[in-house]
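In my numbering, the protein residues as written are -3 to 296.
Read the structure below first, then the notes.
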Amino acid sequence: MNFLKTISNEALIILLILVLFLFTFFVFSLPMTPFLLALAIIVFVFAIYVFYRYISYEKHQSLEEEVEKLEQSLHNVRNEQIEYKKEVEAYFLTWVHQMKTPITASKLLLARNEKGMVNQLRQEILQIDNYSNLALSYLKLLNHNTDMVLAPVTIDELIRPLIKKYSIQFIENQTKIHYEKSTAKVITDARWCSIMIEQLLNNALKYARGRDIWINYNENEQKLEIRDNGIGISRADLPKIFDQGYSGYNGRLHEKSSGIGLFIVKRISKHLNHFVEVESELGKGSRFTIQFPNSGTKRG
């Protein structure tokens, strides 16, 4: 229909010329044979013209569609770049504020030089190290080409180094850790999965000071559970705890909370296809579970 509109003027001119010729032949009673011959020639030439115009029209339409697709792609890329810039700026604005706390605390500890300062300083440095690693992990996660190398790894290989890393915090905060060695194997990316578990453990440490943390692996269901009997999470906050920068009611009570850790957990869980679930009740503690994909691998 669009193509017919493009040749409508030419077709109208040809029709008017033919009508004029027919009128002339009719008025002067001229033989119709020359008119029919001229009509055949004109129709033939016009058909060739129409065919040529149609080929040109198709090419033009194809180019227009390609240009439209490219413009849409460019528009999408620009929007993605804008969103990327906003997300990075928002993340690092939160990150910078979060880094200030342990740095300021470290300066005060050094200035006071009180008894037990070394252990407290180690805790603050551990937090700085954790936040720095989070920033690097976040940047890598934004790169869609980030490789995830899935391979069998034992639960103990994932958990034991983290317990050792945070041992000083367990001691200083008088938090009891309950964990039994598990040689069960799961299919995961050990490095990224460790980061995810570390953030859940770190989160439990913040809100279970002086209480207990349990780490259990259900081999039948292939679920890793990190549970505490700390202050818990309110029902209103639960749907939002994995949002970037959301710290909720507990975060407002806890000066070191910024919502970055659980946000990273959610991003990693999507990349690894490890579903993360949370159950919590205010004043009674929280339970985070990581569901590993069914690999058919049990004990090594």
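Just so it is clear, CB atoms sit at the ideal spot from N, CA and C, and this is done for glycine as well.
Task: Reduced DSSP secondary structure (H/G/I, E/B, other) of TYR162 - done: Numbered from its first residue, the sequence shown carries residue 162 at position 166. Coil at TYR162, not helix or strand.
- [ ] Verify whether the separation of the beta carbon atoms of SER265 and TYR213 is less than 7 angstroms.
- [x] Within the sequence shown, numbered from 1, the residue matching residue 265 stands at position 269. Within the sequence shown, numbered from 1, the residue matching residue 213 stands at position 217. No.
Open item on the list: Within 8 angstroms, do at least three Cβ pairs link the segment 265 to 282 to the segment 161 to 179?
Closed with: no
Task: Cutoff 7 angstroms; reference TYR53; Cβ partners in own chain excluding five residues on either side - done: The sequence position of residue 53 within the sequence shown is 57, counting from 1. Answer for TYR53: PHE(-1), THR2, listed in chain order.
TODO: Determine the burial state of GLU194: buried for a count of at least 16 other Cβ atoms within 10 Å of its Cβ, exposed for fewer.
DONE: By 1-based counting over the sequence shown, the position of residue 194 is 198. That one is buried.
TODO: Indicate whether ALA180 and GLU215 have their beta-carbon atoms separated by less than 7 angstroms.
DONE: On the sequence shown, residue 180 is found 184 positions in, with the first residue counted as 1. On the sequence shown, residue 215 is found 219 positions in, with the first residue counted as 1. Cβ distance < 7 angstroms, so ALA180 and GLU215 count as in contact.
Task: Sequence-distant residues of its chain with Cβ nearer than 8 angstroms to ILE13 (five each side left out) - done: Along the sequence shown, one-based indexing puts residue 13 at 17. The answer, listed in chain order, is ILE38.
- [ ] Tell me, please, which residues DSSP counts as bridged to TRP210.
- [x] In the sequence shown, the residue the question calls residue 210 occupies position 214. DSSP, once it has assigned bridges, lists HIS174, ARG223 as partnering TRP210.
- [ ] Identify the continuous alpha helix (DSSP H) that holds PRO98 and give its terminal residues.
- [x] Residue mapping note: residue 98 aligns to position 102 of the sequence shown, counting from 1. Unbroken alpha helix (DSSP H) run through PRO98: 28 to 108.
Task: GLU218 versus GLU176, THR285, ASN225, residue with shortest Cα-Cα distance - done: Taking the sequence shown and counting its residues from 1, the one referred to as residue 218 is at position 222. According to the sequence provided, residue 218 is Gln. The question's Glu does not apply to it. The option with the nearest alpha carbon to GLN218 is THR285.
Task: Burial state of GLY206 (16 or more Cβ within 10 Å) - done: Translated into positions along the sequence shown, residue 206 becomes position 210. Classification of GLY206: exposed, given that the 10 Å Cβ count is below 16.
TODO: Figure out for me which residue from SER4, PHE288, ASN5 has the closest Cα to the Cα of ALA147.
DONE: Along the sequence shown, read from residue 1 onward, the residue named residue 147 stands at position 151. Out of SER4, PHE288, ASN5, PHE288 has the C-alpha closest to the C-alpha of ALA147.
Task: Identified DSSP bridge partners for PHE184 - done: Position 188 of the sequence shown, counted from the first residue, corresponds to residue 184. As written in the sequence, residue 184 is Thr, which differs from the Phe given in the question. Partner(s): ALA147.
Task: Three-state secondary structure (DSSP) of GLU217 - done: By 1-based counting over the sequence shown, the position of residue 217 is 221. DSSP places GLU217 in coil when its eight states are reduced to three.
Open item on the list: Quick check on this structure: which residue in ALA200, GLU168, PHE40, ILE222 has the alpha carbon closest to the alpha carbon of ARG118?
Closed with: For the purposes of this step, residue 118 is taken as residue 122 along the sequence shown, with counting starting at 1. Answer by Cα proximity: GLU168.
Task: Exposed unless 16 or more other CB atoms sit within 10 angstroms - verdict on ILE9 - done: Within the sequence shown, the letter at position 13 stands for residue 9. By the neighbour-count rule (16 or more Cβ atoms within 10 Å), ILE9 is not buried but exposed.
Task: Residue from ASP143, ILE173, ASN198, LYS202 whose Cα sits closest to the Cα of ALA186 - done: In the sequence shown, residue 186 corresponds to position 190, counting from 1. Taking only the C-alpha atoms, the option nearest ALA186 is ASP143.
Task: Contacts around TYR127, its chain only, beta-carbon distance under 8 angstroms, and the 5 residues preceding and following it disregarded - done: One-based indexing of the sequence shown puts residue 127 at position 131. Cβ neighbours of TYR127 beyond the five flanking positions: TRP91, GLN94, MET95, PRO98, ILE256.
TODO: Give a yes or no on whether the C-beta atoms belonging to SER282 and ASP224 are separated by under 7 angstroms.
DONE: On the sequence shown, residue 282 is found 286 positions in, with the first residue counted as 1. On the sequence shown, residue 224 is found 228 positions in, with the first residue counted as 1. Result yes, Cβ atoms of SER282 and ASP224 sit closer than 7 angstroms.
- [ ] Could you tell me if ALA204 is buried or exposed, where buried requires 16 or more neighbouring beta carbons within 10 angstroms of its beta carbon?
- [x] Numbered from its first residue, the sequence shown carries residue 204 at position 208. Result: buried.
Task: Beta-carbon gap between VAL149 and MET192 smaller than 7 angstroms - done: Locating residue 149 in the sequence shown gives position 153, where the first residue counts as 1. Locating residue 192 in the sequence shown gives position 196, where the first residue counts as 1. In this structure, MET192 does not lie closer than 7 angstroms to VAL149 by Cβ.
Open item on the list: Please classify ALA86 as buried or exposed, where buried requires at least 16 neighbouring CB atoms within 10 angstroms.
Closed with: Here residue 86 refers to the residue found at position 90 of the sequence shown. With fewer than 16 Cβ atoms within 10 Å of its Cβ, ALA86 is classed as exposed.
Open item on the list: Once DSSP output is grouped into helix, strand and coil, what is the label at SER25?
Closed with: Indexing the sequence shown from 1 puts residue 25 at position 29. Three-state DSSP puts SER25 in coil, outside helix and strand.
- [ ] Please classify VAL182: is it buried, with 16 or more other beta-carbons within 10 angstroms of its beta-carbon, or exposed?
- [x] Locating residue 182 in the sequence shown gives position 186, counting from the first residue. By the neighbour-count rule (16 or more Cβ atoms within 10 Å), VAL182 is buried.
Task: Assigned exposure category for TYR50 - 16 Cβ within 10 Å defines buried - done: Here residue 50 refers to the residue found at position 54 when the sequence shown is read from its first residue. Exposed, since its Cβ has fewer than 16 Cβ neighbours within 10 Å.
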